[in-house]
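Student:
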């Protein structure tokens, strides 16, 4: 079975401070990991995926297979980063298409 | 272009009633997914369509839930004999191409179902 754990329901940081949203997963194979974001009154949207290894809106995430983690980081938080963040996993191989989500972390950036 | 749309945006019903939730995917997307998001939880997979057929319905909680996609575009999620525990936001997503090569899932705004 695959599982995604986001240990923090709420994370509050001051503007300009570093941000780290934690995500740990459980999966027997080689998963694909994603971060989705939902801004207030907007729909869920993809922020980044580990395969692309890119930085989106200043956020990065590195897949650590040894620690089974995929933490989301940003060096300097901005007010517009306030949102709900979900870590998600997709299994490998044919037939692996459904996403398994964590419960989400609400990020609040204090001005 | 237009994104995934879902109707209604809100649905309030009474326990025991039947409801239908509609999803219009992005034009040309062959894959369609339904998820359910209960309060304080992340989205949970319900069912996946590739074209007209349900390729995986393992996430449907019981036989009161059923979904169709007769022409490979619009999908309807049907819930019979609703229960208070069915109250949640029902999300639809669509993606292009075949599912075994990952294509981004684009989500709709959701339908908030409340069962009184």
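Chains as they are written, first to last, in my numbering: chain Y, 15 to 125; chain S, 608 to 723. Even for Gly, the Cβ is constructed at its ideal location relative to N, Cα and C. This one's a predicted model, so the numbers in the text were calculated from it and none came from an experiment.
1. Apart from the five residues just before and just after residue 123 of chain Y, which ones in its own chain have a Cβ nearer than 7 Å to its Cβ?
2. If distances are taken between C-alpha atoms only, which option among S:653, S:632 and S:657 comes closest to residue 638 of chain S?
3. Do we get a CB-CB distance below 7 Å when we pair residue 673 of chain S with the residues of chain Y?
4. Using a Cβ cut-off of 7 Å (strictly closer), state whether residue 714 of chain S contacts chain Y.
5. I'd like to know whether the C-beta atoms of residue 117 of chain Y and residue 20 of chain Y end up nearer to each other than 7 Å.
6. With residue 714 of chain S and residue 703 of chain S assumed to form a contact (beta carbons below 8 Å), what rounded beta-carbon distance in angstroms separates them?
7. Anything in chain Y within Cβ reach of residue 698 of chain S, meaning under 8 Å, just list it in chain order.
8. Taking the beta strand (DSSP E) that residue 673 of chain S falls in, what are its first and last residues?
9. Ignore the nearest five residues each way along the sequence and tell me which others in residue 110 of chain Y's own chain have a CB closer than 7 Å to its CB.
10. Tell me whether the segment 678-688 of chain S and the segment 620-630 of chain S touch, counting them as touching only if at least three CB pairs, one residue from each stretch, are closer than 8 Å.
11. Express the C-alpha separation of residue 46 of chain Y and residue 63 of chain Y in angstroms, rounding to a whole number.
12. Within 7 Å of any Cβ in chain Y, is that where the Cβ of residue 660 of chain S sits?
13. Bridge partners of residue 669 of chain S, per DSSP?
14. Taking residue 655 of chain S as the query, report the chain Y residues whose CB atoms sit under 9 Å from its CB, ordered along the chain.
15. Look up residue 711 of chain S in the DSSP assignment and say whether it is helix, strand or coil.
16. Could you tell me whether the Cβ atoms of residue 157 of chain Y and residue 106 of chain Y are closer together than 7 Å?
17. How big is the Cα-Cα spacing for residue 37 of chain Y and residue 86 of chain Y?
Tutor: In brief:
1. One-based indexing of the first chain puts residue 123 of chain Y at position 109. Here the set comprises 27, 29, 91, 92, 93, 95 and 96.
2. Here residue 638 of chain S refers to the residue found at position 31 of the second chain. Comparing Cα-Cα distances from residue 638 of chain S to each of S:653, S:632 and S:657, the minimum goes to S:657.
3. Position 66 of the second chain holds residue 673 of chain S. For residue 673 of chain S, the answer is no, since every Cβ of chain Y falls outside 7 Å of its Cβ.
4. Taking the first residue of the second chain as position 1, residue 714 of chain S is located at position 107. Closer than 7 Å to some Cβ of chain Y, the Cβ of residue 714 of chain S qualifies, so yes.
5. As a working mapping, residue 117 of chain Y is identified with position 103 in the first chain. As a working mapping, residue 20 of chain Y is identified with position 6 in the first chain. Yes, Cβ-Cβ distance for residue 117 of chain Y and residue 20 of chain Y is below 7 Å.
6. In the second chain, counting from the first residue as 1, residue 714 of chain S sits at position 107. In the second chain, counting from the first residue as 1, residue 703 of chain S sits at position 96. That belief does not hold up - the Cβ atoms of residue 714 of chain S and residue 703 of chain S are roughly 14 Å apart, past 8 Å.
7. Here residue 698 of chain S corresponds to residue number 91 of the second chain, with the count starting at 1. In chain order: 58.
8. As a working mapping, residue 673 of chain S is identified with position 66 in the second chain. Per DSSP, residue 673 of chain S belongs to the beta strand (DSSP E) from 672-675.
9. Sequence index remark: in the first chain, residue 110 of chain Y carries index 96 (1-based). These residues qualify, in order along the chain: 104.
10. yes
11. Here residue 63 of chain Y is taken as the residue at index 49 of the first chain, counted from 1. Here residue 46 of chain Y is taken as the residue at index 32 of the first chain, counted from 1. Using only the alpha carbons, I get a separation of about 7 Å.
12. Sequence index remark: in the second chain, residue 660 of chain S carries index 53 (1-based). So no, residue 660 of chain S is outside the interface.
13. Residue mapping note: residue 669 of chain S aligns to position 62 of the second chain, counting from 1. Partner(s): none; residue 669 of chain S has no beta bridge.
14. Position 48 of the second chain holds residue 655 of chain S. Simply 111 and 112.
15. The residue you call residue 711 of chain S lines up with position 104 of the second chain. It is coil, neither helix nor strand.
16. This structure cannot settle anything about residue 157 of chain Y, because the visible part of chain Y is limited to 15 through 125.
17. Within the first chain, residue 37 of chain Y is the residue found at index 23, counting from 1. Within the first chain, residue 86 of chain Y is the residue found at index 72, counting from 1. Each residue's alpha carbon lies about 8 Å from the other.
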